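Trainee:
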Amino acid sequence: MWRAMIVDDEPIIRFGIKASVDWTREEIEIVADCANGAEAMKLLEETPVDILITDIKMPVMGGLTLSKQALERYPDLKIVLVSSYNDFEYVREGLKLGVADYILKHTLEPEELLQVIRRCKAMLETTRKERSLPDSEEDRAAVRKRHEGELKLHLLQRSDRLPDGGFPEWLNGEYVGLVLILNRVYWIEEQEGYLHKSVLLEQLTESLHEHEREGLAVQTGENELFFLLPKPPQAAAWEEDACSARLQRLAGKLKSEIGASVTIGYTLGRGADRIRAVYAESQSASNRGFFEGIGIYRYHPDLDVRRNGIRLPELAHEIAEASGEKAASLLADWRRDWSGGGCPPLQLKEEASRVLSNLFKQQVDPYTLVESFDRLFKSETLEELCKTLLACIADLRKARSDSFDAMGSTHPIDKALDYIRSHYVETLTLQQVADYVHVSKNYFSILFKKVTGENFIDYVIKLRVQRAKELLAGADLKVYEVAEQSGFNDVKYFSKLFKKITGLSPVDYREQRHHEGKGSGTKEGGDA
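Sequence positions in the sequence shown follow the UniProt record's numbering and run 1 to 528.
1. Do the CB positions of residue 188 and residue 260 come within less than 8 Å of each other?
2. Across the stretch 251 to 266 and the stretch 342 to 356, are there enough close Cβ pairs to call them in contact, namely three or more that are closer than 8 Å?
3. State the Cα-Cα distance for the pair residue 5 and residue 34, rounded to the nearest angstrom.
4. Closer than 8 Å is the cut-off here; do at least three beta carbon pairs connect the stretch 190 to 208 with the stretch 269 to 288?
5. Just the C-alpha distance for residue 337 and residue 328, rounded to the nearest angstrom, thanks.
6. Please report how far the alpha carbon of residue 409 lies from the alpha carbon of residue 427, in whole angstroms.
7. Between the beta-carbon of residue 331 and the beta-carbon of residue 247, is there less than 8 Å?
8. When you compare only the Cα positions, how much space is there between residue 103 and residue 273?
9. Quick check: what's the CA-CA separation for residue 267 versus residue 176?
10. Rounding to the nearest angstrom, what Cα-Cα distance links residue 531 and residue 376 in this structure?
11. How is residue 377 classed by DSSP in three states: helix, strand or coil?
12. How far does the alpha helix (DSSP H) with residue 16 in it reach, from first residue to last?
13. Please confirm if residue 170 has its CB atom under 8 Å from at least one CB of chain B.
14. So residue 95 and residue 157 are in contact, right, with Cβ under 8 Å, and what is the actual spacing, rounded?
15. Is the beta carbon of residue 256 sitting closer than 8 Å to the one on residue 179?
16. Using a 10 Å radius around the Cβ and a threshold of 16 neighbouring Cβ atoms, would you call residue 123 buried or exposed?
17. Quick one, are the C-beta atoms of residue 479 and residue 424 less than 8 Å apart?
18. With a CB to CB cut of under 6 Å and the five nearest residues on each side skipped, what residues in its chain are close to residue 510?
19. Please go through the same chain and pick out, in chain order, the residues whose beta-carbon is closer than 6 Å to the beta-carbon of residue 335, but skip the five residues on each side of it.
20. When you compare the CB positions of residue 486 and residue 467, do they come within less than 8 Å of one another, or not?
21. Counting C-beta neighbours from all protein chains within 10 Å, is the total for residue 110 16 or more, i.e. buried, or is it exposed?
22. Pick out whichever of 453, 59 and 250 has its Cα sitting closest to the Cα of residue 371.
23. Can you name the start and end residues of the beta strand (DSSP E) that residue 269 belongs to?
24. When DSSP builds the beta bridges, which residues end up paired with residue 83?
25. In chain order, what are the residue ranges of uninterrupted alpha helix (DSSP H) at least 4 long that sit wholly in the UniProt domain "HTH araC/xylS-type" (414 to 512)?
26. What three-state label does DSSP hand residue 387 in the structure shown?
27. Counting only the same chain and skipping the five closest in sequence on each side, list residues whose C-beta sits under 6 Å from that of residue 230.
28. Only counting the same chain, and skipping five residues up and downstream in sequence, which positions put a Cβ closer than 7 Å to that of residue 258?
29. Among the residues of its own chain, which have a CB less than 6 Å from the CB of residue 7, if the five just before and after it don't count?
30. Can you tell me whether residue 89 is buried or exposed, with buried defined as 16 or more other CB within 10 angstroms of its CB?
31. Can you check which of these residues, 67, 145 and 379, is closest to residue 98 by C-alpha distance?
Printed below as a string of structure tokens:
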């Protein structure tokens, strides 16, 4: 059983952290919670812990001072900093001190906290194994996880200073750095839910490790992985054509195994002190996919040159006054001007967002406008960005003119929720429900999240999993029958998703519920 301590001067934050995780299931005991660092240091001397979760800014003694003193006395301690948006300089300082990870308190989700805690446990278990077990395959995997943790922290820091002994020896020589972009990830999220995307990224990492056992992989974005590979023994394999062919084969294997395509940007590196530069170059190369489509792209410095072109906000007034066909023509000119690259995709997305802001800022509610910005930033190609911008303009014009207040009890989301609850075990799509309530798919998606606080598909999945729990607890059905009767067509996916949400496989959940039922029955009989 691992031991943990929570330190925060806000009681509600301490309570929220304690309530967000099933600590017993994670085999962790919360031995204390404190209001400041001085109180925590005193308790640490009396009751040592393995994991320390601490706020950065606190009276008496802050989190950084606490971290420094605690790590000096207990070097194996895993510290998680709880920060606000404006605390990131302190976070960097904490990472330099050797803290394990950090979380943002104002956007903290239970699943995010759980993943951070599990990473800390993995580090603790790695340390324990390195001190007690022989060099087995399991140990090598644990060491790789530690290296990947060091790599992630190194990428977050601005300094090129390397952690002592934190990277494998082969990084002192030649290697290749890849940035892999999981394509259509937001479509996947919309159709299958956020957790399905998370499952795919985990499968992608596992597949990479199966095919390239010595490589290191870290998630660096919502749909992005950074992967480092040692130089192949054959010199010819390092030439551009051979390297691209090798990566094409890897991309093909990944697609066949996880059912999703990837765009890869890569570059060559030499020496661990080049890792941050290799990541930046690989990411720049992967950006070409935004302009040229799915593919394998090697970094070339001459393609990274910024240039001037038509600025989209300058066209905002013309687009606003134009008909649909004329607006599309203006955007087509803008797209052609940038089709060869020369501008970061993020900058072009920001320009598209400014167009919407200029046109609709005072005319639609802020939530609807922000959701439209989100749609723009999820565009994976320049062509998709232009189409999405036109769709957003049309939807926001409709939002401006529509008044659902007059609909009384027939608010479209109320009507949609009734429909979903009656049909969630069937094949159910966002388009189908939007058609049922007579609004556009995109506007319905925005309105649904605004009213319910959840994405459409995540809401449907929640209903399906709840139905599966009821069937597992009460009916004597096989797992595939439970999946089918809950609205899941793929039993393997159902099992993986069910475990990710509940922490138990369907079989283990059923056994636990049946065991609880027997225990309850025995107790009632004894009382009688």
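Glycine included, each C-beta is placed from N, C-alpha and C at the ideal position.
If you're wondering where the values come from, they're calculated on a predicted model, not measured in any experiment.
Mentor: In this structure, then:
1. yes
2. no
3. 8 Å
4. no
5. 14 Å
6. For residue 409, the pLDDT reaches just 37, beneath the cut-off of 50, and the residue's location in the model is therefore unreliable, although a value from the coordinates is still provided. Rounded to the nearest angstrom, the two C-alpha atoms are 27 Å apart.
7. no
8. 27 Å
9. 6 Å
10. Shown here, the chain extends from 1 to 528; a query on residue 531 therefore has no answer.
11. helix
12. 11 to 20
13. Given the protein chain composition of this structure (a single chain), no chain B is represented.
14. 6 Å
15. no
16. buried
17. no
18. 472
19. 382 and 386
20. yes
21. exposed
22. 453
23. 262 to 270
24. 104
25. 430 to 437, 441 to 452, 456 to 474, 479 to 486 and 491 to 502
26. helix
27. 170, 175 and 214
28. 200, 203, 204 and 207
29. 34, 40 and 54
30. exposed
31. 67
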